[in-house]
Structure formats: C-alpha cells, structure tokens
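Q:
Numbering (the UniProt record's numbering), first residue to last: 1 to 831.
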C-alpha cells in the first residue's frame, strides 16, 4: 500500500517543511539498507549512541527526499531545509520523537486490515513457530510475517508495514527486554490470536521477577479472541489467570483430558515423533520429522493455531510431516573455485531478499569478488508476476548485483527484466547439472543462494561448497553483537569502545569479526602486531586500529596502513619519532601506555614530566589516548589494589591531558572492569573476552559465539580386553563402541584432554575421549549413545561450555579459543 506524504503528515502529527509531492511505499531506519530512494521515508531515530540525522546528507545524495526527524537532531547536524539550501527538494517531517512517529504510522496502517493476525511472544521459539505456521497455512492464503526476528520496538512497525490488500493472514513476533515495552507493540500488532511459546531467563536482568516478565509479555494479548499456551506449565497458567484476559484459551495439555486440546501420546522414534491429539472430541494423529523436545512444543503451539483457524485435520497431518527446519541465520561458507557462499536457502520473499542482498553487498565491498544471486521463484506473494519481478529487478540493481541465476518457471518468464549477466533454469536439478558438467562456471564470486523451500537449494549449496576438512568452527556473529550490546548497556552514552580482535579475534577469525564490529560502529579495533592490522586494511576494514605490541621493524607498515601503535618506553618512542620524521610524517596518533601495577610494559607515572617534554618537543607523533591495564579487576580480593591503580592512572593521565590542548582519550577498564568498576569508564573501555561470550568474572557464558564441531568418521566394536590408540593408553573395562572423529592436536584439541580426562557431545550425550589424542584424529566412547557415522560431534560450544575444557586443562578460556588451528574452517552466521 502507498501513502501520500500529506497522509503521513496527518497521521504522525508532524510539522512539514518542504512542499515536494511524494508517495511512500518503503520505510527506512538503517541507511545501509536503502533500495528505493524515491518512494522511501527515512526515520532519523535517536539512540544513546547514535542519531540517524547524521546520515541525511548521504541519503539525500542517494536520492531520498522524505525524512522524519526531530527538531533537536536537525539543529545538532545543521540540517536546514530552507529554500535554496542543499535540501531544497526534500520534505522534512518534524516530530518530537521519530520512533514514536514510526510506531504511530504502523498503528494506523494496521487499522486498515480486518484479517486474522497472530501475535507470538515468549523467551524462545518465536521465530520457529512463525515460520512453521507459514509452512502450514500459506497454501490457503497470502501470509505476511516478520522478516527473520524483527520483533523489537523498531522491527515490529517495519513488519506490520508489509501488510497490503492481498494479505489474508499476518504473523508477527513481539520481543521485549524492559518493562513497559509491550504496550507499544500491542498497539501496533493488535493480534486476534495470541501464542505464548514459553518463559525463560532471556532479558531477565531488567525485570524484578520472572512473573513480572511473563505478565508484561501477556499484555500483547489484551484484545485477542484466543490465546494459545502450554497448559501443563503451571507458572504460565497462573500468570494467565492473574492477567484477567478476556480471550478464549486453548491451553493444550499432555496431562488434562478435559482441556479442549489434549495431547494423548508423544512417541519418539529414530528420526520422527508421532503425536496423537483430541480436539473438540475428535481424535487425530500426525508425524513430526523432529525428535527434540523444543520442536515438539513448537509444533503443538502451531497445531493449536491451525485447529483454531479450522485447517482440516488431514491437511495438518500431511503438512506437519513435511515441516522443514528453520534456518535462523545467514551462513557464510567457503565455496569452490575461490567463491564465497551466503546460504539463505530457507525462505524467499521480498522482505527477506532485501535483507539478504544488503548482507551480500556489505560483505562484497572489500573482497573484490563478483556479486552473484541465485534466486528461485518467489511463491505465494499474491502479486502479479510481472510486478513482483520488476520489484526484484529493482532490488538487484540497487545492490549492484552483477549476475543473476534464476530457477523456476515464473522468474524465467521475466528474464528480460534483468539487464545484467544472467542464466535461467527450469528447476534446481537442471542448475546443478549445469554446474557439475561445467556448463555453468562459478569462479571468484560472492554468491547469495536464496530460494523457496520447495526448490531444495540445500542440495545446491552442498554442490558449491568447498569441503576440505570435516571439522569446523561455527561463529555466531549475532551472539557477538548481543555481547557487545550487553556491555554497551553498562556504559555512559558518550563512552567509546575498543574491541579486541587480536590473535585472529580469539580464534574466531579477525576479518568477519572486524567487519561486523565496524558495521556496528565500535570506535576502535585492537590487534597485537602490525601484520594483523595490515591484513584487515587489505580486506577493507576502515575502522581505527590500535597496535598493542608494535615492532620497531614494522613502523613503515603502520604508517602505510594508518595503524596506531601504543608506545610504552622512551626507546620505542624515540625510534618511532625518528622513523616518522624520516618519512615526512607529522601528527601520527599514538597511544601512551602507563604501568600502574601490571609491571609488564609501560611508562612509570613519575616519567610523565619527561614524557610530556619529549612529546611537546616534536610534531611527528601526537598522543591520541593514554591507558593502563588492570591487574585483577575480575576478583574482589584485588579490589583495593585496583582502586590504587585507578588513582594512579587518574593523576598521571590528567597530568598528560593538561599539557595538551587537544582531547586525549583515557581508558583503563577491560571487560571485568566495565562490570565491576563503572566509575572508571573515563573516555573509553576495552572489550576483550566478554565480547566473545565469556564473563571474565566467573567464566559464565553470556552469549556463546564459537562452537567447534566435527563428525563421526567410523564406529567399531572393540572387545574389553583390547586397547585404543597409540601406546595402548586407551584401556577398556567392557566391550565398547569406539568412534573416530577427524580432530586432533593439530586442530587445537589439547592432548591432555585424552585418556578419559574430558568429553565431547554426541547427539547431546557425553562421549569421553579414549586413549591418546592423535595429530589429526581422536577416539571417543559411544557405547551408550544412539549414533551413527556422519553424526555431529560438539567439542565445545552452545551445549558444552568452553570453560569445561579450560577447567580440565587448568588454564583460561583464552588459551582454548586461540588454540583452534587455522586449518579448521570457520563458518559465520548471523541470527
């Protein structure tokens, strides 16, 4: 649906500056995601750390002419849209709060539709329930749903904006992290059907109790016709009762036969679950192609919604059996022939295509690879084919895609719309056949694989993926950003952040980590040596980079790649000044390290007068920051010492600052210091281990970032009297099933974990290491585990915390993370 700019002015109650005629189809809050500038309305949102108004000049240059902005932001960034100014052909809609304006516009848009709307909230499973409902119900009606996990105060209005005349059903997620947030989301979504998946500990830190959080979530269902939840969950049932909802309840139960939806039997088999149920005195059964408890619970929430919407039982049975796993991520994989693959072969609609193309474009800017899109027919949109692929072509052009490969009859008929290198195939088999036989050559390209489920693009990804080693390190970029935001939430808005990406980003791979951090606007990256920094620069990282351990032989590299070294001694300072003067360089930024108690490297506080005199006596380098290292900020036993360090640092750093007119940033807090000494934030903090999901205070896991996985190569039965492995160290005390897995000490699996000292996980069960760990292979005991060759093995990660291994080794998580060999393939994904 389109809105005139006059309509929008009236809806959001804005003061309009500018008189340009405009029709709005697209709402934008992230300047990087611009696709259709002429029809876009940009909301300049203000956060603690940023203001969208700063991007208005760039967006205007790119063709955007309509902006929602606050008067304060216009003044702050000197946006003056008067006649004759650089913005003379723009409309500025001035409001007190652009976020509230966005939400109000979405509220009004929602009012135009009388179709069923499903609102889903809970701690886990929201996205899976949403996507499974789409799989189950989309044959009967056109469904609009939240793209990925767009469930926030910003994401929900952008999701609701997708509703149009063809929409027959809407499914939206709603997520909250603080009290009071759900009221705004309820006003926007106005669900007629509510689903509460479950209640857990996520985002609990901002709520007084679990009950307070549950009651807040239930506010979404204020005016629902029906609410669906697990009636066997006593806590949720009590909260529902206290909430005084007027809605009908479908509280499904596996215990209470009097419930309207009674689950009579849940029978788990090798690769599926058979579920029998009774609804309104009718008995039926379906088979779910999953066996985990979470999938069973998610399917029962879906079942209740389908029954309420009167989907016939036989269709429920048929479609439940065909449910496919929901990929919660964009996977980045190494492909054959120098290609990079972005796998998004799980859903296909314009909203998710826009997100995926934006991801591809940002990843392609620095690697010089050709941008290629493999796209299937986009199904069940309710749009005219010609109109749909005209929009697809616009998206493709806006992201500067250089080659498109289409699969399916509909996209093939619209081939003429794509004025770039192209090829079209009737089905996935035809495309894979062309690749295998060499008729279609993919080489040195970054390839987005985007398709509707029925096209089976997973098989295509398998064909294109480079397989060199069956051991991988999965890196969850979304989890890392969650950790970043966790620590950001503890900082003053003006406090800057240095993120440590040294040692290949603690083993996670420095480029992808640095790229993601740069996109989330951290202030500095820090590496150990100049070579690490130059590699990031060559890969396209433009953020400021500190070199924590500068080598005197690498000064030229630092100058050439604008890498800012720390200086910790007069000898290093003199050598740097001399080399900079030789190169004709002036005012090269350096970071002054003080020794306040670590006694590793750094100037002593009493050196400050001499240091100031030397710095002021030259113009080759200029102090950009002054910093020191805490010795024991993670432990209360060292608090007195830490406070003495803060006092020493304060005195010496003030002395340095007072000697110079320009601002010199001060920083001493590490991850533990951010949490335990908030008063010592100064101008900047340094985030290390906490960024990668491990609290340095108690080694608890925040959001796990890295998961090391491998697969079972072979399983054999070994009698009790035999031994396993080199030097006959693996003694058995019973007949055993022994599995060999392709990971060893050359991959970073420490030999001291062998001989039963530690375990890995196979299908969620503990499997002890048997015998000595070899260079490339090790053996594990799977006697009591239901498993087969090819099954996944978790060495550490989401289900086996890395601290379990570091405790066995009597070391710290840093060592285990950084020990993962470079030959282990890294796979990056983003929730």
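Note that CB positions come from ideal geometry on N, CA and C, so glycine has one too.
Quick caveat: nothing in here was measured; it's all calculated off a predicted structure.
Taking buried to mean at least 16 other C-beta atoms within 10 Å of its own C-beta, is residue 312 buried or exposed?
A: By 1-based counting over the chain shown, the position of residue 312 is 312. Residue 312 is exposed by the Cβ-count criterion.
Q: Look at the alpha carbon of residue 171 and the alpha carbon of residue 506, and state the distance between them as a whole number of angstroms.
A: Looking up residue 171 in the chain shown gives position 171. Looking up residue 506 in the chain shown gives position 506. One C-alpha to the other measures close to 39 Å.
Q: Kindly list the residues whose CB is nearer than 6 Å to the CB of residue 261, restricted to its own chain and excluding five residues on each side of it in sequence; keep chain order.
A: By 1-based counting over the chain shown, the position of residue 261 is 261. Contacts found: 250, 252, 279, 304.
Q: Please tell me whether residue 785 and residue 762 are closer than 8 Å, where the distance is taken between their beta carbons.
A: Along the chain shown, read from residue 1 onward, the residue named residue 785 stands at position 785. Along the chain shown, read from residue 1 onward, the residue named residue 762 stands at position 762. A contact, by the Cβ cut-off of 8 Å.
Q: Taking the alpha helix (DSSP H) that residue 643 falls in, what are its first and last residues?
A: For the purposes of this step, residue 643 is identified with residue 643 of the chain shown, where counting begins at 1. Its alpha helix (DSSP H) spans residues 639–658.
Q: Only counting runs of 3 or more residues, tell me where the beta strand (DSSP E) segments fall wholly within the segment 65–127, in order along the chain.
A: The qualifying runs are 66–70, 91–95, 117–121.
Q: Of the choices 807, 392, 290, whose alpha-carbon is the least far from that of residue 753?
A: Position 753 of the chain shown, counted from the start, is the residue given in the question as residue 753. When only C-alpha atoms are compared, the closest one is 807.
Q: Check whether the segment 495–506 and the segment 674–685 are in contact - that is, three or more C-beta pairs closer than 8 Å.
A: A contact exists between the segment 495–506 and the segment 674–685.
Q: For the alpha helix (DSSP H) containing residue 815, list its first residue and its last residue.
A: For the purposes of this step, residue 815 is taken as residue 815 along the chain shown, with counting starting at 1. Start and end: 813–818.
Q: When you compare the CB positions of residue 154 and residue 29, do they come within less than 8 Å of one another, or not?
A: Sequence index remark: in the chain shown, residue 154 carries index 154 (1-based). Sequence index remark: in the chain shown, residue 29 carries index 29 (1-based). Yes, they are a contact pair.
Q: In the structure shown, what three-state DSSP assignment does residue 272 receive?
A: By 1-based counting over the chain shown, the position of residue 272 is 272. Residue 272 falls in the coil class under three-state DSSP.
Q: Taking just the CA atoms, how far does residue 491 sit from residue 186?
A: One-based indexing of the chain shown puts residue 186 at position 186. One-based indexing of the chain shown puts residue 491 at position 491. The straight-line gap from Cα to Cα measures roughly 30 Å.
Q: Within 10 Å of its beta-carbon, does residue 441 have 16 or more other beta-carbons around it, so buried, or fewer, so exposed?
A: The sequence position of residue 441 within the chain shown is 441, counting from 1. Per the 10 Å Cβ criterion, exposed.
Q: Quick one: is residue 726 buried, meaning 16 or more other Cβ sit within 10 Å of its Cβ, or exposed?
A: As a first step, residue 726 is located in the chain shown; it is residue number 726 there, counting from the start. Residue 726 is exposed by the Cβ-count criterion.
Q: Please return the same chain residues whose Cβ sits closer than 7 Å to the Cβ of residue 737, not counting the five positions on each side in sequence.
A: Looking up residue 737 in the chain shown gives position 737. 715, 717, 782, 783, listed in sequence order.
Q: Express the C-alpha separation of residue 694 and residue 702 in angstroms, rounding to a whole number.
A: One-based indexing of the chain shown puts residue 702 at position 702. One-based indexing of the chain shown puts residue 694 at position 694. About 6 Å.
Q: Using the Cα positions of residue 530 and residue 118, report the straight-line distance between them to the nearest angstrom.
A: Along the chain shown, read from residue 1 onward, the residue named residue 530 stands at position 530. Along the chain shown, read from residue 1 onward, the residue named residue 118 stands at position 118. Between residue 530 and residue 118, the C-alpha separation is close to 53 Å.
Q: Which complete beta strand (DSSP E) runs does the segment 701–773 hold, if anything under 3 residues is left out?
A: Counting only runs of 3 or more, we get 706–711, 714–718, 736–741, 759–762, 765–770.
Q: By Cβ distance below 7 Å, which residues in the same chain neighbour residue 832 in space, the five residues on each side in sequence not counted?
A: The question about residue 832 has no answer, for the chain in this structure spans 1 to 831.
Q: Let's test the definition: count the other Cβ atoms within 10 Å of the Cβ of residue 532 and tell me whether it reaches 16, buried, or not, exposed.
A: As a working mapping, residue 532 is identified with position 532 in the chain shown. Its Cβ being crowded by 16 or more others within 10 Å, residue 532 is buried.
Q: To the nearest angstrom, report how far apart residue 729 and residue 690 are at their CA atoms.
A: Here residue 729 corresponds to residue number 729 of the chain shown, with the count starting at 1. Here residue 690 corresponds to residue number 690 of the chain shown, with the count starting at 1. For residue 729 and residue 690, the distance between alpha carbons rounds to 38 Å.
Q: Residue 493: beta carbon under 7 Å from a heavy atom of the ligand SAM?
A: In the structure shown, the ligand SAM is absent, as is every other ligand, since no ligand is present at all.
Q: Grouping DSSP H, G and I as helix and E and B as strand, with all else coil, what is residue 132?
A: Here residue 132 refers to the residue found at position 132 when the chain shown is read from its first residue. In this structure, residue 132 counts as helix in the three-state DSSP scheme.
Q: Label residue 844 either buried or exposed according to how many other C-beta atoms from any shown protein chain fall within 10 Å of its C-beta, with 16 as the threshold for buried.
A: For the chain, the structure presents residues 1 to 831; residue 844 sits outside this window and is missing.
Q: Cα-Cα, which of 584, 286, 546 is closest to residue 566?
A: By one-based count along the chain shown, residue 566 stands at place 566. Nearest of 584, 286, 546 to residue 566, Cα basis: 546.
Q: In angstroms with no decimal places, state the Cα-to-Cα distance between residue 296 and residue 290.
A: What you label residue 296 is simply residue 296 of the chain shown in a count that begins at 1. What you label residue 290 is simply residue 290 of the chain shown in a count that begins at 1. About 7 Å.
Q: Whose C-beta lies closer than 6 Å to the C-beta of residue 64 among residues of the same chain, with five residues either side of it excluded?
A: Residue numbering aside, residue 64 sits at position 64 when the chain shown is read from its first letter. Answer for residue 64: 37, 40, 42, listed in chain order.
Q: What residue range does the beta strand (DSSP E) around residue 339 cover?
A: Residue mapping note: residue 339 aligns to position 339 of the chain shown, counting from 1. No beta strand (DSSP E) holds residue 339; DSSP gives it neither H nor E.
Q: Could you pull out every residue in the same chain whose Cβ sits closer than 6 Å to the Cβ of residue 214, ignoring the five residues on either side in sequence?
A: Position 214 of the chain shown, counting from 1, holds the residue named residue 214. Hits under 6 Å: 199, 239.
Q: For residue 661, tell me which candidate among 139, 630, 809, 616 has the shortest Cα-Cα distance.
A: Residue 661 sits at position 661 when you count from the first residue of the chain shown. The option with the nearest alpha carbon to residue 661 is 616.
Q: Measure from the alpha carbon of residue 455 to the alpha carbon of each residue in 443, 336, 324, then state which is nearest.
A: Sequence index remark: in the chain shown, residue 455 carries index 455 (1-based). Cα-wise, what sits closest to residue 455 is 324.
Q: Assign residue 681 to buried or exposed, taking buried as 16 or more other Cβ atoms, counted over all protein chains shown, within 10 Å of its Cβ.
A: To locate residue 681, count along the chain shown from 1; it is residue 681. Residue 681 should be labelled buried.
Q: Since residue 499 sits in a beta bridge, which residues does DSSP pair it with?
A: Position 499 of the chain shown, counted from the start, is the residue given in the question as residue 499. Residue 499 pairs with 525, 687.
Q: Compute the Euclidean distance between the alpha carbons of residue 99 and residue 614, then round it to the nearest angstrom.
A: Numbered from 1 along the chain shown, position 99 holds the residue referred to as residue 99. Numbered from 1 along the chain shown, position 614 holds the residue referred to as residue 614. Taking the straight line joining both Cα atoms gives about 50 Å.
Q: Closest to residue 800 by C-alpha separation, out of 821, 771, 707, would be which residue?
A: Working through the chain shown from its first residue, we reach residue 800 at position 800. The candidate whose alpha carbon is nearest that of residue 800 is 707.
Q: What did DSSP end up calling residue 568 once you bin it into helix, strand or coil?
A: Reading the chain shown from its first residue, position 568 is the one you call residue 568. Coil, per DSSP.
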